[in-house]
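In the working numbering, the protein residues as written are 1 to 229.
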């Protein structure tokens with residue numbers, strides 16, 4: 001996803017929580033390709049953590065014109081054993097952090113009368129989750145945040161949209177997709193395969209571009225036809 005934005009000649013700031021080596025490697029790859037990138041450690045689990053990273057985020061390239069809220073956590077856990085802390089942690093990272101980043105970024109976008117907020121939700125936020133009910137709730141809340149911010153921002157030149165991936169082969173989803181239940185989900189798709197990060201990135205790149213200027217408050221489903229079943 002980051003590479004897709006860089007290929008559109010964007011200056012890219014990579015936010016990371018713990019994967020410093022991966023963030024550094026990606027920054028180096030983008031810079032070596034002739035674009036500009038840097039990385040900033042951010043604690044997405046608290047408002048204070050997001051706020052404290054904002055000066056570093058804006059120091060090199062200024063206030064961002066495009067914010068892609070892609071940071072997230074997931075947890076496979078039976079609903080009856082989900083604790084209050086489990087639920088609150090999920091909401092803080094998956095919903096509160098994107099909302100706070102939008103609060104920080106939008107004033108500058110409003111002043112310029114141009115900007116893009118793109119929230120990465122999930123098919124789980126649309127159909128619910130069996131062993132990830134708190135994850136599904138956080139992603140559903142993010143879709144609601146997207147629609148609300150879109151109503152507030154469209155007349156000021158800023159579009160806010162979401163992308164809802166289906167089953168995509170990533171480090172976070174690998175455990176689920178390797179189970180019999182996960183394999184059965186893939187087999188039930190019209191495509192008979194999981195998606196790739198590059199396919200999600202293509203949707204994000206479109207929403208970040210001028211070509212998407214009349215797309216407002218939408219949730220773009222990139223799910224291999226999951227809703228056709």
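Glycine included, each C-beta is placed from N, C-alpha and C at the ideal position.
Secondary structure note for residue 165: its beta strand (DSSP E) is the uninterrupted segment 158-165.
By the C-beta density criterion, residue 183 is exposed, having fewer than 16 other C-beta atoms within 10 angstroms. Setting aside the 5 residues that flank it on each side, residue 105 is surrounded in the same chain by 63, 64, 67, 115 and 117, each with a C-beta closer than 8 Å to its C-beta; the list follows chain order. Taking 9 Å as the cut-off, the beta carbon of residue 94 is found no closer than this to the beta carbon of residue 165.
Per DSSP, reduced to three states, the secondary structure at residue 135 is helical.
Taking the Cα positions, residue 13 is about 30 Å away from residue 85.
Rounded to whole angstroms, the Cβ separation of residue 168 and residue 190 is 16 Å, and the two are not in contact under 8 Å.
Two segments are said to touch when three or more pairs of C-beta atoms, one from each, lie closer than 8 Å; by this definition the segment 22-32 does not touch the segment 45-62. Counting only unbroken stretches of 3 or more residues, the beta strand (DSSP E) elements lying wholly within the segment 94-127 are 115-120, in sequence order. Excluding its 5 nearest sequence neighbours in each direction, residue 150 has C-beta neighbours in its own chain below 6 Å: 160, 216 and 217, listed in chain order. Straight across, the Cα-Cα distance linking residue 171 with residue 78 is about 21 Å. Its Cα nearest to that of residue 111, the residue 155 stands out among 119, 88, 20 and 155. Counting only the Cα atoms, residue 2 lies some 9 Å from residue 37. Between the alpha carbons of residue 47 and residue 144 lies a distance of about 19 Å. Cα atoms of residue 82 and residue 134: separation of roughly 8 Å, rounded to the nearest angstrom.
Counting only residues of its own chain and dropping the five nearest sequence neighbours on each side, residue 72 has a CB closer than 6 Å to the CB of 94.
For residue 70, the CB contacts under 6 Å within the same chain, skipping 5 residues up- and downstream, are 120 in chain order. If you look at residue 37, you'll find it in the beta strand (DSSP E) that goes 36-41. One Cα belongs to residue 39, the other to residue 103, and the distance between them is close to 20 Å. Contact check for residue 89 against residue 162 fails: the beta carbons are separated by 9 Å or more.
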